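Take a look at the structure below.
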Amino acid sequence: MRRLALAVLLVASAAAAPLSAAKAGDLLIHGGPIHTGVEAAPTAQAVLIRDDKILFVGDLAAAKAKAAQDVRDIDLKGAAAYPGFVDAHAHLTGIGLRELTLNLDQVKSVAELVAAVRAYAAAHPEGAIYGRGWIETHWPEKRFPTKADLDAAAPGRIVVLGRSDGHASVVSSAALAKAGITAATLAPAGGQILKGADGQPDGMLIDHAQSLVKDVIPPPSEALKREALRKAGQLYASRGWTGLGNMSVMADDLALLRDEAAKGTFHIRVDNYMDPSGAAEVLAKGPQTDATGLIRVRGIKLYMDGALGSRGAALLEPYSDAEGLGLQLTQRDQGLALMKKAKAVNAQVAMHAIGDRGNRMTLDWFEEALAGDAKARWRIEHAQIVADTDLPRFSKLGVIASMQPSHAIGDLYFAPARLGKDRLHEGYRWKDFLNAGVVVAAGSDAPVEVGDPRIEFYAAVYRHSLDGFANADWHLEEAVTRAEALRMLTLAPAYAAFREKELGTLEAGKKADLTAFDKDLMTIEPKAILTAQPVLTIVDGKVAFSR
């Protein structure tokens with residue numbers, strides 16, 4: 003996506019204050035439409051915040067009467083306020099590292115990728131090259147990149163470039179040699195090593211095959227990861243996010259995140275779902291919260307299958323444009339053992355499942371492990387392709403559909419080829435889930451996607467590409483109302499993390515998290531949603547961002 007130019011809007015005394023100067027106290031927010039997210043009282047004139055809580059929501063005169071004498075007055079000047087937007091599914095360290103390494107999310111062809119790598123190699127003449135963010139589905143070459151492309155861009159260099167979804171990488175000849183990958187190398191279970199016409203690896207590694215090059219690129223240093231976490235937190239606050247669900251978290255990243263929050267250098271809420279390799283603490287002690295209240299550990303994150311674009315999603319019937327049913331990344335005994343440990347300590351399980359077979363297997367395993375407990379709020383991350391007979395099971399089992407609207411407006415360019423027309427109605431079915439009584443918590447899956455609440459809101463309510471394209475294959479009947487989209491990005495993520503009593507709406511007594519944009523997302527035409535500028539982000543009663 004083309005980077006949107008940011009317009010400047012001064013927000014009274016809160017404008018452009020450094021985060022170190024932001025402090026709790028009475029804040030009076032008014033001067034624009036305020037959408038509370040409360041059905042009985044959906045709009046208000048003012049929100050009065052005291053310390054970290056909302057004291058009053060309603061009439062401006064009444065709010066002023068309740069305010070302390072030294073209240074900080076924030077005039078929205080026509081901007082619109084909402085409950086704090088929360089990205090229900092993202093990868094915090096990856097978001098920061100994307101900004102600090104070779105970011106390929108803007109390349110539009112193999113030729114542009116080659117040019118980007120060549121320029122980066124020239125600017126960084128030593129060491130291995132790592133980047134992420136490319137996706138080939140719109141490229142004119144109509145193919146994956148290969149080792150030959152990377153060798154031409156950076157001859158003799160070790161290069162590893164992750165696809166945007168994290169389910170595939172392209173690597174250079176030097177990287178293949180360093181990892182010892184040859185024509186005779188067997189792919190690990192749940193992975194594929196793609197080969198050229200000569201029978202040699204062509205540089206593309208799918209899903210678990212990426213583990214073969216894990217030692218080729220030096221891991222990021224502690225200093226770099228700290229910088230990445232701070233960068234990601236600042237970036238997310240500047241976009242209007244007040245929190246996120248952090249997926250597949252490593253134990254050392256969690257320790258760094260807790261430390262940054264304790265030092266006051268990290269300012270948004272994070273609910274962490276641990277990678278199994280770092281899940282010992284949560285599986286022994288259950289959910290936990292740090293001393294700041296910002297960093298929580300909720301449970302574990304597992305993977306059932308791969309991605310649709312790289313044909314790793316597990317399907318019930320073969321792909322329409324290739325042989326095979328996709329990949330199963332977690333075996334039943336391993337997955338159920340982890341689920342039962344989580345259930346014993348009331349930890350949540352979040353499982354990645356994209357294909358209809360992947361979602362069916364996940365529901366089957368959840369049903370067995372939950373043993374009738376419909377209140378555990380386990381989550382299926384993505385839930386992209388779901389068979390008609392399986393959709394009602396989400397509600398019956400109390401399973402949350404953690405979905406990313408932006409995936410649809412990218413994937414629906416190639417999903418018809420992968421699935422065929424008869425299965426397309428199974429895809430990205432937000433409205434069907436809501437009509438079936440399923441909680442749909444929306445997110446972005448950044449750095450797979452941009453990580454922008456405007457894009458997620460736009461995709462949910464309009465279901466068109468960013469340049470306005472859609473056709474009959476896109477099943478526009480699955481678009482949701484604006485009120486539904488707002489809940490998907492506010493109250494539903496709160497519910498998905500057991501926080502609906504303290505977050506997700508603007509109500510007296512709840513935690514003071516609030517997001518404001520200079521345009522009213524609830525009323526403007528769809529294309530204008532993408533140009534609405536975030537102007538105020540408040541977390542725990544403190545201004546985390548303003549402009």
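Numbering of the sequence shown is given in this note's numbering, commencing with residue 3 and proceeding in unit increments. By construction, the Cβ of each residue, glycine as well, lies at the ideal position given by its N, Cα and C atoms. The model shown is predicted, which means the values in this text are computed figures rather than measured ones.
*Sequence-distant residues of the same chain with beta carbon closer than 6 angstroms to V173, five excluded per side*: Along the sequence shown, read from residue 1 onward, the residue named residue 173 stands at position 171. For V173, where only same-chain residues beyond five positions count, the Cβ hits under 6 angstroms are V162, G205, V215.
*From Q290 to G470, what distance separates their C-alpha atoms?*
Stepping through the sequence shown from its first residue, residue 290 is reached at position 288. Stepping through the sequence shown from its first residue, residue 470 is reached at position 468. If you draw a straight line from the Cα of Q290 to the Cα of G470, it comes to about 43 angstroms.
*Is V109 near L102, with beta carbons less than 7 angstroms apart?*
Locating residue 109 in the sequence shown gives position 107, counting from the first residue. Locating residue 102 in the sequence shown gives position 100, counting from the first residue. No, the pair does not count as a contact, with Cβ atoms beyond the cut-off.
*Does any heavy atom of the ligand ADP sit closer than 6 angstroms to the C-beta of I302?*
No copy of the ligand ADP occurs in the structure displayed, which carries no ligand at all.
*Below 8 angstroms CB to CB, which residues in the same chain sit around G39 once its five sequence neighbours on both sides are set aside?*
Start at 1 with the first residue of the sequence shown, and residue 39 comes out as number 37. The beta carbon of G39 lies closer than 8 angstroms to those of Y84, P85, L488, R489, T492, L493, G506, T507, L508 in the same chain, with the five residues before and after it left out.
*Out of D390, G129, G80, state which residue places its alpha-carbon closest to the alpha-carbon of I219.*
As a working note, residue 219 is residue 217 in the sequence shown. If you compare the alpha carbons of D390, G129, G80 with that of I219, the shortest gap goes to G129.
*asked:* Suppose only complete runs of 4+ residues qualify. What are the alpha helix (DSSP H) ranges in the stretch 371–410, listed by chain order?
replied: Runs of the alpha helix (DSSP H) inside the stretch 371–410: 393–399.
*From the DSSP output, read off the bridge partner residues of H37.*
Taking the sequence shown and counting its residues from 1, the one referred to as residue 37 is at position 35. Beta-bridge partners of H37 (DSSP): T45.
*With 16 as the cutoff for other CB atoms within 10 Å, does H269 come out buried or exposed?*
Here residue 269 corresponds to residue number 267 of the sequence shown, with the count starting at 1. Here H269 is buried. Its C-beta has 16 or more other C-beta atoms within 10 Å.
_Within 7 angstroms, strictly: CB atoms of A253 and G280_ = Your numbering for residue 253 matches position 251 in the sequence shown. Your numbering for residue 280 matches position 278 in the sequence shown. Taking 7 angstroms as the Cβ cut-off, A253 and G280 qualify as a contacting pair.
*Figure out for me which residue from L304, G422, L296, D261 has the closest Cα to the Cα of P278.*
For the purposes of this step, residue 278 is identified with residue 276 of the sequence shown, where counting begins at 1. Taking only the C-alpha atoms, the option nearest P278 is L304.
*Compute the Euclidean distance between the alpha carbons of A24 and A546, then round it to the nearest angstrom.*
By one-based count along the sequence shown, residue 24 stands at place 22. By one-based count along the sequence shown, residue 546 stands at place 544. Reliability of the predicted coordinates at A24 is poor, the pLDDT of 46 falling under 50, and the value obtained from them is presented with this limitation in mind. Using only the alpha carbons, I get a separation of about 7 angstroms.
_I'd like the list of long-range same chain contacts for L99, defined as Cβ closer than 7 angstroms, with 5 residues on each side in sequence excluded._
Sequence index remark: in the sequence shown, residue 99 carries index 97 (1-based). In its chain, beyond the 5 residues on either side, P222, A230 have a beta carbon closer than 7 angstroms to the beta carbon of L99.
*Confirm, please, whether the CB-CB distance from A181 to A211 is below 7 angstroms.*
Translated into the one-based positions of the sequence shown, residue 211 becomes position 209. Translated into the one-based positions of the sequence shown, residue 181 becomes position 179. Between A211 and A181, the gap from beta carbon to beta carbon reaches 7 angstroms or more.
*Within the stretch 514–546, note down every full beta strand (DSSP E) run reaching 3 residues or more, in order along the chain.*
Segments of the beta strand (DSSP E) lying fully in the stretch 514–546: 516–519, 536–541.
*At which residues does the beta strand (DSSP E) containing Q350 begin and terminate?*
By 1-based counting over the sequence shown, the position of residue 350 is 348. If you look at Q350, you'll find it in the beta strand (DSSP E) that goes 350–355.
*Could you check the C-alpha separation between I356 and P394 for me, to the nearest Å?*
Taking the first residue of the sequence shown as 1, we reach residue 356 at position 354. Taking the first residue of the sequence shown as 1, we reach residue 394 at position 392. If you take the alpha carbons of I356 and P394, they lie about 17 angstroms apart.
*So which of G314, N473, A485 has the shortest CA-CA distance to A463?*
For the purposes of this step, residue 463 is taken as the residue at position 461 of the sequence shown. The sequence given here has Val at residue 463, not Ala. The shortest Cα separation from V463 among G314, N473, A485 belongs to A485.
*Using the Cα positions of T244 and V284, report the straight-line distance between them to the nearest angstrom.*
As a first step, residue 244 is located in the sequence shown; it is residue number 242 there, counting from the start. As a first step, residue 284 is located in the sequence shown; it is residue number 282 there, counting from the start. Near 24 angstroms, if we compare the C-alpha coordinates of V284 and T244.
*Drop a sphere of 10 angstroms on the beta-carbon of E527, count the other beta-carbons inside from all chains shown, and report buried for 16 or more, exposed for fewer.*
In the sequence shown, the residue the question calls residue 527 occupies position 525. By the 10 Å Cβ count, E527 comes out exposed.
*Under a three-way DSSP split, which group does L508 fall into?*
The residue labelled residue 508 in the question sits at position 506 within the sequence shown. Coil.
*For D323, which residues of its own chain have a beta-carbon under 7 angstroms away from its beta-carbon, when the five flanking residues on both sides are left out?*
Numbered from 1 along the sequence shown, position 321 holds the residue referred to as residue 323. Excluding sequence neighbours, D323 sits near A419, R420.
*Spatial neighbours of A170 in its chain, beta-carbon cut-off 6 angstroms, leaving aside the 5 residues before and after*: Stepping through the sequence shown from its first residue, residue 170 is reached at position 168. Taken in chain order, the residues that qualify are I208, S312.
*Ignoring anything shorter than 3 residues or poking outside the stretch 230–268, list the beta strand (DSSP E) runs there in chain order.*
Restricted to the stretch 230–268, the beta strand (DSSP E) segments that are unbroken, complete and at least 3 residues in length are 243–251, listed in chain order.
*List the residues that DSSP assigns as beta-bridge partners of Y275.*
Walking along the sequence shown from the start, residue 275 turns up at place 273. Under DSSP, the beta-bridge partners assigned to Y275 are M249, G301.
*In its own chain, which residues sit with a C-beta less than 6 angstroms from the C-beta of Q202, not counting the 5 before and 5 after it?*
Here residue 202 refers to the residue found at position 200 of the sequence shown. A185.
_Using 7 angstroms as the threshold, is the C-beta distance between I297 and L327 below it?_
As a working mapping, residue 297 is identified with position 295 in the sequence shown. As a working mapping, residue 327 is identified with position 325 in the sequence shown. Judged by their CB atoms, I297 and L327 are not nearer to each other than the 7 angstroms cut-off.
*What are the boundary residues of the beta strand (DSSP E) that L338 is part of?*
Numbered from 1 along the sequence shown, position 336 holds the residue referred to as residue 338. That residue, L338, is in no beta strand (DSSP E); its alpha helix (DSSP H) goes 334–346.
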